[in-house]
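Everything on this sheet refers to the single structure shown next.
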Amino acid sequence: MPRKSPHPDIDIPHCSLLSYLFPSGEPVSSNPLWLDALEPSKSLSPAEVLIWIRRLAVGFNKLGIPEGSTIMLMTPNHIYVPVIYLATVGSKRRFTGVNPVFTPEEVAYQLKASKATVFLVHPSILEKGLEAARRVNFPLDRIYQFSDNESDIGSTAKDWKSILASEEESSQWSWDPLLGDTSSKTVAVINFSSGTTGLPKGTCISHRNLVANAVQSIFIRFYTPEADSATNPVNRERGLSFLPLYHAYSQLWTINISCKLGIPTYIMPRFNFEEFLRSVEAYGITSIQVVPPVLIMLSKREESSKYNLQSLKHIMCGAAPLSRELQNEISTRFGMTIAQGWGMTEVVCVGLMVPGFLHDDTGSVGPLLPNCEAMLVDEDGNEVLEEGKPGEVWFRGPQVMLGYLDNEEATKACKTTDGWFKTGDIATFSKGMFTIVDRNKELIKVNGLQVAPAELEALLLQCDGVSDAAVVGININDEERPRAYVSVQPHAKGKLTEDDIVKFVGDRVAKHKRLTGGVSFVDEVPRLASGKIVRKAVKEWAKQDIER
Ligand code: 4UU
Numbered sequence: 342m343p344r345k346s347p348h349p350d351i352d353i354p355h356c357s358l359l360s361y362l363f364p365s366g367e368p369v370s371s372n373p374l375w376l377d378a379l380e381p382s383k384s385l386s387p388a389e390v391l392i393w394i395r396r397l398a399v400g401f402n403k404l405g406i407p408e409g410s411t412i413m414l415m416t417p418n419h420i421y422v423p424v425i426y427l428a429t430v431g432s433k434r435r436f437t438g439v440n441p442v443f444t445p446e447e448v449a450y451q452l453k454a455s456k457a458t459v460f461l462v463h464p465s466i467l468e469k470g471l472e473a474a475r476r477v478n479f480p481l482d483r484i485y486q487f488s489d490n491e492s493d494i495g496s497t498a499k500d501w502k503s504i505l506a507s508e509e510e511s512s513q514w515s516w517d518p519l520l521g522d523t524s525s526k527t528v529a530v531i532n533f534s535s536g537t538t539g540l541p542k543g544t545c546i547s548h549r550n551l552v553a554n555a556v557q558s559i560f561i562r563f564y565t566p567e568a569d570s571a572t573n574p575v576n577r578e579r580g581l582s583f584l585p586l587y588h589a590y591s592q593l594w595t596i597n598i599s600c601k602l603g604i605p606t607y608i609m610p611r612f613n614f615e616e617f618l619r620s621v622e623a624y625g626i627t628s629i630q631v632v633p634p635v636l637i638m639l640s641k642r643e644e645s646s647k648y649n650l651q652s653l654k655h656i657m658c659g660a661a662p663l664s665r666e667l668q669n670e671i672s673t674r675f676g677m678t679i680a681q682g683w684g685m686t687e688v689v690c691v692g693l694m695v696p697g698f699l700h701d702d703t704g705s706v707g708p709l710l711p712n713c714e715a716m717l718v719d720e721d722g723n724e725v726l727e728e729g730k731p732g733e734v735w736f737r738g739p740q741v742m743l744g745y746l747d748n749e750e751a752t753k754a755c756k757t758t759d760g761w762f763k764t765g766d767i768a769t770f771s772k773g774m775f776t777i778v779d780r781n782k783e784l785i786k787v788n789g790l791q792v793a794p795a796e797l798e799a800l801l802l803q804c805d806g807v808s809d810a811a812v813v814g815i816n817i818n819d820e821e822r823p824r825a826y827v828s829v830q831p832h833a834k835g836k837l838t839e840d841d842i843v844k845f846v847g848d849r850v851a852k853h854k855r856l857t858g859g860v861s862f863v864d865e866v867p868r869l870a871s872g873k874i875v876r877k878a879v880k881e882w883a884k885q886d887i888e889r
């Protein structure tokens with residue numbers, strides 16, 4: 342019997358994302374909504390954002406970009422990122438964001454796999470964008486520079502503002518409300534994830550998925566029946582955003598939830614620890630979303646004591662394991678609630694989350710969001726009913742993606758015909774709460790970001806002298822690091838060094854994917870007759886290597 346959410350089902354409107362965020366007949370605020378954390382006089386209110394959305398949506402139409410096309414964005418965070426996201430999704434196009442520190446090769450992969458037809462690039466990384474485009478024959482005249490700062494824009498590519506229609510010609514434009522079933526069928530966002538196996542794949546996230554996960558997360562953060570309406574912080578919230586907006590985590594909280602609830606949110610271009618502390622103090626920030634490394638810094642770095650962080654009452658932590666000890670140490674020391682959540686790109690963002698009113702000191706990731714179900718399934722495919730016993734999380738709910746873009750095989754492998762999504766995460770269940778204890782998939786998480794072993798393995802096979810390779814994650818000081826197990830060809834034996842291999846990979850991938858867990862040489866990488874790597878055996882080696 343699947344476990345159901347302890348919360349009663351809540352109403353999730355069947356409509357487009359913009360109809361949910363800006364319901365007709367409700368006034369649109371002119372108060373600052375997204376503010377530049379480095380220069381807070383620069384801000385956008387919902388009323389201003391709507392004007393930009395209309396101008397861009399009509400601009401895309403005039404340019405002849407059909408509905409259903411993908412718009413790809415590569416930029417550090419800034420206050421106009423939500424404009425691109427909302428105008429793209431709102432005009433029935435598809436948004437995909439790419440990590441701005443990716444290498445040209447990695448950018449080219451996503452440009453092709455997402456089938457993007459327009460590519461917006463921040464001027465500071467324009468050269469990289471152009472190089473990526475050349476690699477996959479992407480038309481250079483569909484590349485636009487995208488900055489919040491007029492003076493950054495040079496002459497090498499067009500300015501994104503050249504796409505915009507005028508205010509007059511766009512003032513009558515309105516979005517399709519996508520009523521009923523169409524909201525479930527229309528793809529809005531294509532974030533990338535490697536899922537349980539293989540290379541990164543585009544996840545097809547519908548309007549319905551996005552609306553559902555916003556409604557569910559707002560409920561569990563602010564409105565569960567136990568929440569005290571007198572002390573509900575929702576009207577006093579001030580957010581600070583530094584997680585990347587190309588990832589689902591930040592898209593949900595920084596864009597969709599802040600917009601829906603009118604939470605003024607300061608956006609940092611990238612994470613910088615001291616700047617983060619300064620911003621919390623300067624702006625009286627009440628709540629943030631983090632990944633575990635931020636909490637490790639908060640615990641270990643001296644600067645944490647130099648700033649007044651008293652305004653900060655609620656920290657949401659997700660994307661990777663957080664130790665119970667660290668969670669409790671920080672919440673006691675700073676007098677704040679730290680609530681863990683579990684989620685995946687494939688379920689928009691969140692599936693399990695500790696309610697906002699609850700102070701959890703067990704290290705759990707909370708109960709199911711409303712309207713969701715889960716089963717823990719053992720290796721034989723049987724449901725685990727006993728409390729405290731681990732099993733793979735199978736998840737069902739209105740936020741589960743439609744499938745992987747152009748990859749029915751991968752979709753079928755993780756999604757059953759009756760809607761269960763096999764997550765590859767191992768959890769236990771006790772007293773209504775889930776605790777993530779392991780993973781049975783390939784994925785490695787570094788700084789909360791995905792690293793797909795298959796990608797590094799394919800790269801290692803291109804390294805001269807390498808005959809086979811397997812990559813797994815190892816834990817060093819509470820943080821996961823990719824480590825490679827490599828066999829070498831006879832001619833390279835004794836010549837190819839660990840440093841050579843670390844450098845070979847380091848030169849070709851974004852920083853978080855580097856082999857910071859090291860390299861081991863082995864006679865043979867264990868593989869099944871099918872060719873599949875026996876990861877359990879490699880993980881066992883890794884465990885022994887750490888203990889040594
Ligand atoms: C142990 O990282 C995410 C989603 C993060 C998120 C954000 C806000 C979750 C809940 C929330 O409230 O997505 P992906 O697709 O980048 O990575 C998904 C994987 C999971 O399958 C799991 O292995 O990241 C890992 N993960 C976690 N692991 C996610 N959350 C947790 C967690 N503990 N709390």
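Just so you know, we're using this note's numbering here: the sequence shown kicks off at 342 and counts up by one.
From the three backbone atoms N, C-alpha and C, an ideal C-beta is built for every residue, glycine too.
Source: prediction; values computed, not measured.
Cα-Cα separation, residue i to residue j
i	j	result
M742	A660	18 Å
E749	Q651	49 Å
C804	I629	42 Å
N554	E367	22 Å
D702	Q668	8 Å
T437	V399	19 Å
M774	G692	12 Å
V860	Q592	35 Å
R549	L359	11 Å
A454	D569	46 Å
S492	G470	19 Å
H655	G580	10 Å
S664	L709	20 Å
G704	V631	15 Å
L519	C356	5 Å
K753	N781	18 Å
S512	T627	36 Å
T537	G744	13 Å
E510	Y587	30 Å
Exposure of residue i, with buried meaning 16 or more beta-carbon neighbours within 10 Å
i	result
R395	buried
V875	exposed
G625	exposed
G729	exposed
N723	exposed
P566	exposed
N418	buried
S524	buried
I887	exposed
Q791	buried
N478	exposed
T497	exposed
R642	exposed
P445	buried
A929	No answer is possible for residue 929: it lies beyond the span of the chain, which begins at 342 and ends at 889.
M415	buried
Simplified DSSP assignment, three categories, for residue i
i	result
H548	helix
G707	strand
N532	strand
P823	strand
K763	strand
P648	Reading off the sequence shown, one finds Tyr at residue 648, where the question assumed Pro. Coil.
G400	helix
V734	strand
A799	helix
Y361	helix
K854	helix
T776	strand
W514	coil
A506	coil
For residue i, the residue or residues it bridges with in DSSP
i	result
L790	V787
K345	E714
G682	M694
R868	I874
C658	V631 and Q681
F436	I412 and V530
I484	F460
K499	Y485
N816	E821
Proximity test, residue i beta-carbon vs ligand 3 heavy atom, cut-off 7 Å
i	result
T764	With respect to small molecules bound, the structure shown includes ligand 1 and not ligand 3.
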